[in-house]
Amino acid sequence: MESLFTDRLTTLSHPQRMAVFRLLMRRCPDELPAGEISEVLDLKASTASVYLSALTQTGLISQRRDGTRMLYAVNLDAAREVVAGLFLDCCGGRADLCPPQPPDLLRRISPMTGKTFNVLFVCTGNSARSIFAETILRDMVGDKFTAYSAGTTHRSELNPFAVKILKSKGHDVSLLRSKNIEEFHGNDAPQMDFVFTVCDRAANEDCPTWPGQPVSGHWGMPDPVKAGGTDAEKRFAFHETYGALHNRITAFAALSFKNLNRGSLQKHVDEIGKETAKQD
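Position 125 (the sequence shown) corresponds to 125 in the UniProt record's numbering; numbering is contiguous.
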């Protein structure tokens with residue numbers, strides 16, 4: 001057991017192997033194909049294969065064949081064993097030496113500020129997908145949630161097709177604007193209860209930890225802004241994206257927040273992303 005523990009530490013001591021592990025941890029519980037991992041981390045396919053093999057051999061990640069491709073996911077049990085071996089075993093359980101414990105998963109979540117839950121939808125550009133999500137949640141259950149959206153890029157603007165789609169659905173777009181995620185990291189920013197990424201690129205980025213450790217989820221989908229073809233084909237792509245987000249948010253808003261603890265909420269949030277994706 002001690003040998004496995006040190007082998008795992010040795011594997012993670014390599015910066016790029018650690019980068020692969022951290023990417024899969026950020027995307028947990030998603031499985032990522034080797035090609036996406038290579039692309040996100042700017043690695044050659046052969047190099048990524050070596051790193052993935054090393055992480056798999058020590059049990060830090062799992063692999064599963066899906067047709068002609070291999071899918072990889074973080075092994076949470078192994079990750080917990082590494083943390084326990086570093087701190088809980090070595091420090092003998094002393095409170096002054098052990099790191100702070102994570103928030104109680106059995107604790108029920110409650111609004112951090114005011115009378116509503118704060119929900120942030122994050123994308124790269126904050127021009128279409130995250131704007132859709134903010135607007136849908138706001139107009140669907142604005143009495144229960146305060147919806148926000150932001151992008152990870154510094155310069156962006158609302159996509160004209162997205163605005164037209166929202167108007168056609170009867171949404172008020174007068175107050176919508178493209179925002180950068182830095183607006184929500186300041187001292188005066190509202191503390192979030194839920195944070196959702198709606199594009200893979202934003203989910204893959206190594207962003208700062210959110211205060212209060214909100215429940216988070218990844219509801220990624222293709223970018224309608226990149227859709228080609230005629231204007232009619234582009235509008236169809238935006239309608240599909242709107243519908244997919246509407247499905248997810250409807251399922252999310254229907255959850256019994258008063259009766260679910262943090263751990264249960266996290267599982268439901270993850271399942272919503274998986275199940276509604278199958279229906280889209």
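Where is the CB? At the ideal position from N, CA and C, for every residue including glycine.
Whole-Å CB distance - residue i paired with residue j, under 8 Å assumed
| i | j | result |
| --- | --- | --- |
| F121 | V198 | 6 Å |
| P29 | A73 | 7 Å |
| L41 | A19 | 5 Å |
| T47 | R129 | That pair is no contact at about 31 Å. |
| residue 296 | I61 | What is shown of the chain runs 1 to 280, which leaves residue 296 out entirely. |
| L55 | Q16 | Wrong, their Cβ atoms sit about 11 Å apart, outside the cutoff. |
| A237 | A244 | Actually they are not in contact, since the Cβ atoms of A237 and A244 sit about 11 Å apart, beyond 8 Å. |
| L176 | I131 | 6 Å |
| R65 | E31 | With a Cβ gap of about 11 Å, R65 and E31 do not count as contacting. |
| A45 | V141 | With 8 Å as the limit, A45 and V141 do not qualify as a contact, their Cβ atoms being about 45 Å apart. |
Same chain, Cβ closer than 6 Å to residue i, neighbours up to 5 away in sequence not counted
| i | result |
| --- | --- |
| P211 | Q191 |
| V82 | R8 |
| F194 | V119, P214 and V215 |
| C207 | none |
| H268 | L255 |
| T58 | D7, R8 and T11 |
| F196 | F121, G217 and W219 |
Near the ligand FAD: residue i beta-carbon under 7 Å from a heavy atom
| i | result |
| --- | --- |
| T146 | Looking for the ligand FAD in the displayed structure turns up nothing, as the structure carries no ligands at all. |
CB of residue i within 8 Å of CB of residue j, strictly
| i | j | result |
| --- | --- | --- |
| residue 281 | S149 | Within the shown structure, residues of the chain are numbered from 1 to 280, placing residue 281 beyond reach of any answer. |
| M25 | A79 | yes |
| H246 | I165 | no |
| H218 | G273 | yes |
| F5 | L12 | no |
| N204 | L71 | no |
DSSP three-state assignment for residue i, whether helix, strand or coil
| i | result |
| --- | --- |
| R65 | strand |
| residue 312 | No information on residue 312 is available, as it lies outside the stretch 1 to 280 that the chain covers here. |
| T116 | strand |
| P33 | strand |
| V198 | coil |
| N259 | coil |
| P189 | Checking the sequence, you will find Ala at residue 189 rather than Pro. Three-state result, A189: coil. |
| S149 | strand |
| N247 | helix |
| L3 | First, the amino acid is wrong: residue 3 is Ser here, not Leu. If DSSP states are grouped into helix, strand and coil, S3 belongs with the helices. |
| H171 | coil |
| N126 | coil |
| N180 | strand |
| S46 | helix |
| G217 | strand |
Cβ-based neighbour list, residue i, same chain, cut-off 7 Å, excluding 5 preceding and 5 following
| i | result |
| --- | --- |
| H171 | T135 and D139 |
| H154 | N180 |
| S3 | none |
| T124 | G151, T152, T153, C199, R201 and A202 |
| K167 | V173 |
| T113 | Confidence at T113 is low in this model, with a pLDDT of 49, below 50, so the placement of that residue should be treated as unreliable; the coordinate-derived value is given next. Cβ within range, chain order: P190 and Q191. |
Own chain, CB closer than 8 Å to residue i, minus 5 neighbours either side, in chain order
| i | result |
| --- | --- |
| L265 | I109, V215, L255 and F257 |
| R69 | P33, A34 and G35 |
| S127 | G151, S156, E157, L158, N159, A162, S178 and V225 |
Exposure label - residue i; buried when at least 16 CB within 10 Å
| i | result |
| --- | --- |
| G220 | buried |
| residue 281 | In the structure displayed, the chain extends from 1 to 280; residue 281 sits before or after that span and is not available. |
| T10 | exposed |
| S38 | buried |
| N187 | exposed |
| E271 | exposed |
| L76 | exposed |
| D231 | exposed |
Contact with chain C by residue i, beta-carbon distance below 8 Å
| i | result |
| --- | --- |
| K115 | Although the question refers to chain C, the structure presented lacks it and comprises just one protein chain. |
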